[in-house]
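Using my numbering, the letters of the sequence shown correspond one by one to residues 1 to 120. All C-beta atoms in this analysis are idealised placements derived from N, C-alpha and C, irrespective of residue type, glycine included. All remarks here apply to the structure that follows.
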Amino acid sequence: MKLQRPCLDCGRLTQPGHSRCEPCGTQVRRYWDRHSNARRRQRLQTGDGAAARLRRKITRDGSAICLACHRHLPASLIQVDHVLPLFLGGLDVDENLAPLCTPCHKTKTAKDAEKRRRKA
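Given below as C-alpha coordinates:
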(Lines of atoms letter the chains of each structure in order from A; the text may use other names.)
(Lines give C-alpha, C1' and ligand atoms only; values in the text may rest on other atoms or scores of the structure.)
Protein backbone atom coordinates (compact mmCIF):
# COMPACT_ATOMS: atom_id res chain seq x y z
CA MET A 1 0.00 0.00 0.00
CA LYS A 2 1.44 3.35 -1.05
CA LEU A 3 1.18 6.25 1.35
CA GLN A 4 0.55 9.91 0.81
CA ARG A 5 3.59 12.12 1.29
CA PRO A 6 4.31 15.84 1.06
CA CYS A 7 4.72 17.34 -2.41
CA LEU A 8 8.38 17.96 -3.28
CA ASP A 9 7.57 21.53 -4.30
CA CYS A 10 4.78 22.92 -2.12
CA GLY A 11 4.44 20.48 0.78
CA ARG A 12 0.76 19.57 0.22
CA LEU A 13 -0.16 15.89 0.47
CA THR A 14 0.09 14.00 -2.81
CA GLN A 15 -1.85 11.11 -4.26
CA PRO A 16 -0.46 7.76 -3.06
CA GLY A 17 2.61 6.83 -5.12
CA HIS A 18 3.21 10.36 -6.45
CA SER A 19 6.02 12.78 -5.57
CA ARG A 20 4.13 15.96 -6.42
CA CYS A 21 0.58 17.25 -6.01
CA GLU A 22 -1.48 17.60 -9.19
CA PRO A 23 -0.84 21.34 -9.84
CA CYS A 24 2.93 21.08 -9.17
CA GLY A 25 3.20 17.88 -11.24
CA THR A 26 1.49 19.59 -14.18
CA GLN A 27 3.80 22.59 -13.88
CA VAL A 28 6.95 20.41 -13.76
CA ARG A 29 5.83 18.30 -16.74
CA ARG A 30 5.09 21.46 -18.73
CA TYR A 31 8.56 22.84 -17.87
CA TRP A 32 10.33 19.61 -18.87
CA ASP A 33 8.32 19.27 -22.08
CA ARG A 34 9.13 22.83 -23.09
CA HIS A 35 12.84 22.50 -22.30
CA SER A 36 13.28 19.04 -23.80
CA ASN A 37 11.75 20.36 -27.04
CA ALA A 38 14.17 23.30 -26.95
CA ARG A 39 17.11 20.93 -26.41
CA ARG A 40 15.92 18.76 -29.28
CA ARG A 41 15.64 21.80 -31.58
CA GLN A 42 19.10 22.99 -30.56
CA ARG A 43 20.58 19.54 -31.19
CA LEU A 44 19.05 19.51 -34.67
CA GLN A 45 20.44 22.99 -35.40
CA THR A 46 23.97 22.24 -34.18
CA GLY A 47 24.42 18.80 -35.71
CA ASP A 48 23.21 15.26 -35.80
CA GLY A 49 24.13 13.81 -32.39
CA ALA A 50 27.59 12.71 -33.51
CA ALA A 51 29.17 13.15 -30.06
CA ALA A 52 26.71 10.71 -28.49
CA ARG A 53 27.32 8.23 -31.31
CA LEU A 54 31.10 8.45 -30.89
CA ARG A 55 30.77 8.03 -27.11
CA ARG A 56 28.64 4.89 -27.64
CA LYS A 57 31.20 3.51 -30.14
CA ILE A 58 34.11 4.10 -27.76
CA THR A 59 32.18 2.45 -24.93
CA ARG A 60 31.28 -0.49 -27.16
CA ASP A 61 34.89 -0.89 -28.36
CA GLY A 62 36.18 -0.58 -24.81
CA SER A 63 39.06 1.77 -25.65
CA ALA A 64 40.32 4.53 -27.94
CA ILE A 65 43.43 6.53 -28.77
CA CYS A 66 43.71 10.11 -27.49
CA LEU A 67 44.30 12.30 -30.53
CA ALA A 68 46.41 14.75 -28.50
CA CYS A 69 48.90 12.50 -26.68
CA HIS A 70 48.36 9.35 -28.79
CA ARG A 71 47.97 7.04 -25.77
CA HIS A 72 45.69 4.00 -26.11
CA LEU A 73 43.34 4.13 -23.11
CA PRO A 74 40.22 2.37 -21.80
CA ALA A 75 36.88 3.96 -22.65
CA SER A 76 36.38 5.21 -19.09
CA LEU A 77 39.39 7.53 -19.50
CA ILE A 78 38.36 8.92 -22.90
CA GLN A 79 36.17 11.99 -23.40
CA VAL A 80 34.60 13.18 -26.64
CA ASP A 81 35.71 16.71 -27.53
CA HIS A 82 34.37 19.18 -30.09
CA VAL A 83 37.47 20.40 -31.97
CA LEU A 84 35.76 23.72 -32.68
CA PRO A 85 33.62 24.29 -29.56
CA LEU A 86 29.88 24.65 -30.02
CA PHE A 87 29.98 28.15 -28.49
CA LEU A 88 32.39 29.22 -31.25
CA GLY A 89 30.08 27.92 -33.95
CA GLY A 90 31.28 24.32 -34.11
CA LEU A 91 28.78 21.63 -35.02
CA ASP A 92 28.01 18.29 -33.44
CA VAL A 93 29.14 16.35 -36.51
CA ASP A 94 31.70 13.58 -36.98
CA GLU A 95 34.29 15.88 -38.58
CA ASN A 96 34.31 18.15 -35.50
CA LEU A 97 34.94 15.44 -32.89
CA ALA A 98 38.07 14.03 -31.31
CA PRO A 99 38.55 11.42 -28.58
CA LEU A 100 40.79 12.90 -25.86
CA CYS A 101 42.04 11.50 -22.57
CA THR A 102 40.83 13.33 -19.46
CA PRO A 103 44.03 15.38 -18.88
CA CYS A 104 44.23 16.46 -22.54
CA HIS A 105 40.51 17.30 -22.55
CA LYS A 106 40.87 19.42 -19.40
CA THR A 107 43.80 21.31 -20.95
CA LYS A 108 41.90 21.97 -24.19
CA THR A 109 38.73 22.96 -22.33
CA ALA A 110 40.69 25.47 -20.24
CA LYS A 111 42.12 27.01 -23.42
CA ASP A 112 38.64 27.13 -24.97
CA ALA A 113 37.26 28.80 -21.82
CA GLU A 114 39.99 31.44 -22.03
CA LYS A 115 39.03 32.11 -25.68
CA ARG A 116 35.41 32.45 -24.59
CA ARG A 117 36.30 34.94 -21.84
CA ARG A 118 38.35 37.01 -24.28
CA LYS A 119 35.52 36.91 -26.82
CA ALA A 120 32.94 38.21 -24.30
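Inter-residue distance for His18 and Gln4 is about 8 angstroms (C-alpha atoms, whole angstroms). Annotated three-state conformation of Asp9 is coil, per DSSP.
Contact between the region 46–55 and the region 23–35 is absent, with fewer than three C-beta pairs closer than 8 angstroms. Around the beta carbon of Cys21, a 10 Å sphere encloses 16 or more other beta carbons of the protein chains shown; the residue is thus reported as buried.
Contact between Ala52 and Pro99 fails: their C-beta atoms lie close to 13 angstroms from each other, not under 8 angstroms. Assignment of Pro99 by DSSP, reduced to helix, strand and coil, places it in the strand class. Judged by DSSP in its simplified three-state form, Pro23 adopts helix. Beta-bridge analysis with DSSP links Gly90 to no other residue. In this chain, Ala64 is not harboured by any alpha helix (DSSP H); it is covered by the beta strand (DSSP E) spanning Ser63 to Ile65.
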